[in-house]
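Okay, so here's the structure we're looking at.
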Amino acid sequence: MRLKLKEQELITFVIIGLNVVIYIVLNMFLLQNGIDIISHLDNSWMAVKINGEYYRVFTSMFLHADLDHLLNNMFILFVIGKRYEEIEGRYRFALVYFLGGILASIASLSYNMFMGNEIVSLGASGAIFALIGASVATVVKCRDKLRTVSKRQMILFALFSLYAGFRSMETDNIAHLGGFIAGFLIGLVITENTGRREGIWHEY
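What the sequence shown shows, in my numbering, is residues 143 to 346, in sequence order.
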């Protein structure tokens, strides 16, 4: 049985659409009219520790500082997420994206709390780096699932992505690194040799 490619990318497009809609509502409508909801949803260790607002480690994944931030993250999510969902399926994709994103937020929050940095973070990049880490786990554990991508190419891409983040002082590199490690470990656990090859599912 062959599944159409677009059926394998549903969650990727849903998440992209959700991020775009949230950005438009929060930044272009509410914030422009003096209603600041973003500060109540971003990843602030002070709010989590003092007020017990643990939901922030999740809601911060859907917030973006500006249009460039949103577009850059959504482009990478489209490229990486589309392929990972195609190969591993929507359930594994969702597990890596949301669990990896939450763990990335926790890593960022913990680091800033330990260092005493009174800063907040937001964005989907922690979850996206979880997908990058899981993609590396896929080519390491089951090479034939991504025949068009070598281990070296995937690992170099991951290293370049991390390096690009460390070159910017405004980037939450701890979230990137935490997401990557979380995604890689999750990927090692959930990746199986199911017979799926480049977007085609062979049902036995």
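Note that the Cβ used here is the ideal one computed from N, Cα and C, for glycine as well.
Here the structure is a predicted model, which means the values were calculated and not measured.
- The DSSP-derived three-state label of residue 186 is coil.
- For residue 164, the closest alpha carbon among the candidates 228, 216, 237, 249 is that of 216.
- Cβ contact annotation for residue 180 (same chain, cutoff 8 Å, sequence separation greater than five): 168, 169, 173, 205, 264, in chain order.
- In this structure, the straight-line span from the alpha carbon of residue 323 to that of residue 182 is close to 28 Å.
- Judged by DSSP secondary structure, residue 247 falls within the alpha helix (DSSP H) whose first and last residues are 232-257.
- Pairing residue 279 with residue 209, the inter-Cα distance amounts to about 31 Å.
- Burial check for residue 238: the Cβ neighbour count within 10 Å reaches 16 or more, so the residue is buried.
- Segment contact: the segment 221-231 against the segment 246-263, fewer than three CB-CB distances shorter than 8 Å; contact not assigned.
- DSSP lists 185 as the beta-bridge partner residues of residue 263.
- In the three-state DSSP reduction, residue 272 falls in the helix class (H, G or I).
- In this structure, the alpha-carbon of residue 158 lies about 26 Å from that of residue 334.
- A check of alpha carbon separations from residue 283 across 315, 319, 330, 229 identifies 330 as the nearest.
- As the crow flies, the alpha-carbon of residue 235 is around 11 Å from that of residue 269.
- Assignment of residue 223 by DSSP, reduced to helix, strand and coil, places it in the helix class.
- Taking residue 326 as the centre and dropping the five residues before and after it, the same chain places the C-beta of 275, 276, 278, 279 closer than 7 Å to its C-beta, in chain order.
- Residue state for residue 154 is assigned as helix, using DSSP reduced to three classes.
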